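Below: one structure, written as structure tokens.
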Amino acid sequence: MVHTEKDKKDTKKPALKLFGRLNGLSIWTILVIALVLLFVFSFVMGRYPISPADVIKVLISKVIPIEHTWSSTIETVVMQIRLPRILAAIIVGACLALSGVSFQGLFRNPLVSPDILGVSSGAGFGAALAILLSGNQLAIQVSAFCFALLAVGISYSISKMVKGNPTLSLILAGMAIASLFGALLSLVKYVADPVNQLPAITYWLMGSFASVGYKSLLYAAIPMLIGITILILIRWRFNVLAMGEDEAKALGVDTGRLRVIIVVCCTMITASAVCISGTIGWVGLVIPHIGRALVGPDHKKLLPVCLLIGAIFLLLIDDIARVVANVEIPIGILTAIVGIPFFVFLLKKGGRGWA
Amino acid sequence: MKLIVREAEFHYDFTKTSGFKNVNFSLNDGEVLTILGPNGCGKTTLLKCLNRLTELHGGTIFLDGQDIRRLPRTQIARSIGYVPQLHQPAFPFSVLDTVLVGRAPHLGLLESPSMADMKIAEQSLETMGISHLKDKSYTQISGGERQMVIFARVLAQQPSLLLLDEPTSHLDFGNQIRLLDQIKKLASTGLPIIMTSHFPDHVFMVSDKVAIMKDGAFLDCGWPDDIITETNMQRIYGIPVNIRYVDGLIKRKICIPVTA
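What follows is the structure, given as structure tokens:
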């Protein structure tokens with residue numbers, strides 16, 4: 059990226075100047091408060107009306123015993139229907155955003171999304187195959203997860219065989235494998251029963267939190283939390299990697315090993331996210347840009363901030379998906395409809411987020 | 069820090085026609101060695117072999133008596149700082165964040181820079197005379213300033229040997245000379261420096277030693293006055309040059325191409 063004199067003059071202050079004066083810590087505080095408020099607010103959203111006071115009381119009653127002043131229907135709606143869904147939206151949003159920002163750092167490219175190594179295509183194919191063969195919910199999730207890992211595994215193995223720039227070969231291998239699994243997915247769709255199976259596949263591919271239960275949430279949360287923890291712990295190393303392969307090595311970083319750690323963590327969290335929610339695009343690409351507009355490109359501040367923004371963004375989108383129309387709107391459609399105009403707005407404003 | 073290179077050999081491919089071999093030299097504290105040679109003669113590769121960014125195919129490099137193949141990468145990074153030809157960060161980090169990255173070899177995988185590291189980074193900025201750029205974005209400063217930032221980063225690494233790949237390329241005339249002054253200053257603190265260059269005049273200005281490289285080997289290595297001769301320049305660059313001593317304020321030799 060060569061900067062001409064003109065570029066330099068055109069470069070403006072941080073995209074959102076309002077936040078320019080705030081440091082990383084205060085943005086963190088604001089985001090945490092926003093997430094907590096949205097969390098409570100999300101219980102209120104939906105067909106069945108529940109007051110925020112009842113929500114808080116039901117939630118508190120789970121920790122400390124207090125007097126029951128609410129109906130059992132309210133308790134069921136809060137605990138069995140809305141809570142798992144809200145938790146799923148939060149953790150999936152956080153995972154997609156974190157793996158997006160990690161991949162962008164790893165590949166030194168702000169246009170990279172978590173799908174780059176074929177994780178979504180693999181998961182899509184795995185889910186479609188399971189729908190074709192059994193239709194069992196658990197089978198769909200397990201199959202989606204396994205094929206997501208398989209796709210990335212193949213991409214990585216191919217890139218290892220290629221000599222030359224390791225990040226470039228990884229991206230190329232990922233593109234090829236993504237297309238391959240895309241083609242296999244089309245094949246499954248082609249042979250699927252058009253009355254029951256095909257709509258199920260199509261609906262899965264558009265993403266939804268409607269059918270998330272505690273059990274699948276719990277299974278998915280384990281690899282997610284492991285991956286998130288590791289990525290957050292090594293986050294400063296992304297700054298070193300961003301200097302480029304040779305310079306990172308000259309600074310004593312074992313770039314090959316670090317790349318494996320990052321790819322494994324990102325794949326684990328993205329695959330887990332995708333297997334409980336279906337494919338959800340745009341979050342992993344857009345959120346890191348919003349994060350950089352808020353706190354700049356320093357990965358030490360950026361990763362935790364992206365985690366929070368991702369959670370907030372997807373929870374908000376899911377709330378919209380639930381209430382805006384009579385029929386629930388698939389979440390993948392909404393992330394694009396809401397995400398893209400926002401993305402364009404940020405691009406237009408320019409700023410320090412992208413070189 | 070003493071660096072000894074014995075019979076270094078490298079091939080770009082298996083035909084063994086390209087690359088270099090029989091490269092021998094040594095460097096002591098405070099010495100500046102400049103490697104001159106035409107484009108594509110292997111200067112950059114040789115430099116990269118010195119801190120094992122690229123592995124030699126033959127020969128040995130000793131760092132204070134230790135074979136660098138036996139040293140872990142972090143330990144090499146604590147001893148040898150490297151400034152590449154052109155640095156392009158993917159993200160517009162602030163100048164301070166960029167310099168802090170130089171602390172990487174001193175930090176564990178899970179560690180982030182501490183206040184002490186921050187101090188070291190700020191001192192490096194001070195040494196390079198660019199403290200005022202601290203909070204600027206790396207993409208908003210000029211090419212000359214960027215080179216100074218990368219130098220500050222390499223100083224934050226606190227190395228005992230510097231490798232500079234064409235440090236003056238991409239800089240304007242004034243910045244070239246300012247940078248050479250900085251190199252001289254750093255060497256006078258005892259830091260040995262190896263750099264590649266395309267300018268014989270720069271050798272006369274800062275170097276204690278010079279090596280000229282052509283066709284995959286060192287043609288000659290020694291004192292600038294002995295090595296930068298009209299014959300040698302004609303041999304490596306294929307153009308006639310005149311070398312004159314200029315008295316008065318300058319008091320050094322200069323190299324002038326003879327053109328029609």
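So the protein sequences, as listed, match chains D and R.
Per the working numbering, residue 59 is the first one in the first sequence, and the count goes up by one each step.
Per the working numbering, residue 69 is the first one in the second sequence, and the count goes up by one each step.
For every residue, glycine included, the Cβ atom is placed at its ideal position computed from N, Cα and C.
Note that this is a predicted model, so its numbers are computed, not measured.
> Which of the three DSSP states, helix, strand or coil, is assigned to residue 263 (chain R)?
Replying inline: strand
>> Using DSSP's beta-bridge definition, name the partner residues of residue 126 (chain R).
In response: R:77
>> Tell me the DSSP secondary structure of residue 310 (chain R) in three-state form.
In response: strand
> Could you give the residue range of the beta strand (DSSP E) that holds residue 273 (chain R)?
Replying inline: No beta strand (DSSP E) holds residue 273 (chain R); the alpha helix (DSSP H) holding it covers 268-274.
>> Using C-beta distances below 8 Å, list every residue in its chain close to residue 137 (chain D), excluding the 5 sequence neighbours before and after it, in chain order.
In response: 116 and 120
>> Please list the terminal residues of the continuous alpha helix (DSSP H) segment that includes residue 380 (chain D).
In response: 357-381
> What distance in whole Å lies between the Cβ atoms of residue 87 (chain R) and residue 78 (chain R), which are believed to be in contact at a cut-off of 8 Å?
Replying inline: 5 Å
> When burial is assigned at 16 or more other CB atoms within 10 Å of the CB, is residue 324 (chain R) buried or exposed?
Replying inline: exposed
> Between the C-alpha atoms of residue 181 (chain R) and residue 339 (chain D), what's the straight-line distance to the nearest angstrom?
Replying inline: 34 Å
>> For residue 180 (chain D), tell me which candidate among D:333, D:386 and D:355 has the shortest Cα-Cα distance.
In response: D:333
>> Taking the alpha-carbon of residue 312 (chain D) as reference, which of R:195, R:298, R:173 and R:244 has the nearest alpha-carbon?
In response: R:173
> Taking the alpha-carbon positions, what's the residue 193 (chain R) to residue 315 (chain R) distance?
Replying inline: 36 Å
>> Here's a check: name, in chain order, each residue in its chain whose Cβ is nearer than 6 Å to the Cβ of residue 153 (chain D), leaving out the five neighbours to either side.
In response: 282, 327 and 331
>> Could you pull the DSSP bridge partners for residue 150 (chain R) from this structure?
In response: R:231
> According to DSSP, is residue 97 (chain D) helix, strand or coil?
Replying inline: helix
>> Looking at the ligand PLP, does it come within less than 6 Å of residue 85 (chain D), judged from the CB to the closest heavy atom?
In response: You won't find the ligand PLP in this model; it holds no ligand whatsoever.
>> Whole angstroms are fine: how far does the CA of residue 128 (chain R) sit from the CA of residue 390 (chain D)?
In response: 57 Å
>> With the cut-off set at 7 Å, would you say residue 222 (chain R) and residue 163 (chain R) are in Cβ contact?
In response: no
>> Let me confirm a value: residue 248 (chain D) is counted as buried when at least 16 other C-beta atoms fall within 10 Å, else exposed. Which label applies?
In response: exposed
> For residue 121 (chain R), which of R:291, R:149 and R:214 has the nearest alpha-carbon?
Replying inline: R:149
> Between the segment 118-130 of chain R and chain D, which residues of the former have a C-beta closer than 7 Å to a C-beta of the latter?
Replying inline: 119 and 121
>> By the 9 Å beta-carbon criterion, what residues does the segment 154-173 of chain D contribute toward chain R?
In response: 162, 163, 165, 166, 167 and 168
>> Using the three-state DSSP reduction, which class does residue 282 (chain R) fall into: helix, strand or coil?
In response: strand
> If residue 335 (chain D) sits next to residue 94 (chain D), beta carbons under 8 Å apart, how far is it from one beta carbon to the other, in whole angstroms?
Replying inline: Actually they do not touch by this definition, with Cβ atoms about 22 Å apart.
> Can you find a C-beta in chain R that's less than 7 Å from the C-beta of residue 292 (chain D)?
Replying inline: yes
> Which residues of chain R have a Cβ atom closer than 7 Å to the Cβ of residue 355 (chain D), listed in chain order?
Replying inline: 159, 160 and 161
>> Against chain R, which members of the segment 382-402 of chain D pass a CB distance test of less than 8 Å?
In response: none
> At which residues does the alpha helix (DSSP H) containing residue 109 (chain R) begin and terminate?
Replying inline: Note, residue 109 (chain R): premise wrong, no alpha helix (DSSP H); not H, not E.
> Terminal residues of the continuous beta strand (DSSP E) containing residue 95 (chain R)?
Replying inline: 88-95
> Helix, strand or coil: which one does DSSP assign to residue 142 (chain D)?
Replying inline: helix
>> What does the Cβ neighbour count give for residue 123 (chain R), buried or exposed, with the cut at 16 atoms within 10 Å?
In response: exposed
> Helix or strand or just coil, what does DSSP make of residue 239 (chain R)?
Replying inline: coil
> If you draw a straight line from the alpha carbon of residue 287 (chain R) to that of residue 281 (chain R), how long is it in whole angstroms?
Replying inline: 6 Å
> Any contact of the segment 137-147 of chain D with the segment 289-306 of chain D, i.e. 3+ C-beta pairs under 8 Å?
Replying inline: no
>> Tell me the DSSP secondary structure of residue 161 (chain R) in three-state form.
In response: coil
>> To test your reading of the DSSP string, which unbroken alpha helix (DSSP H) runs of 4 or more residues are found completely within the segment 269-324 of chain D?
In response: 272-291, 295-299 and 303-308
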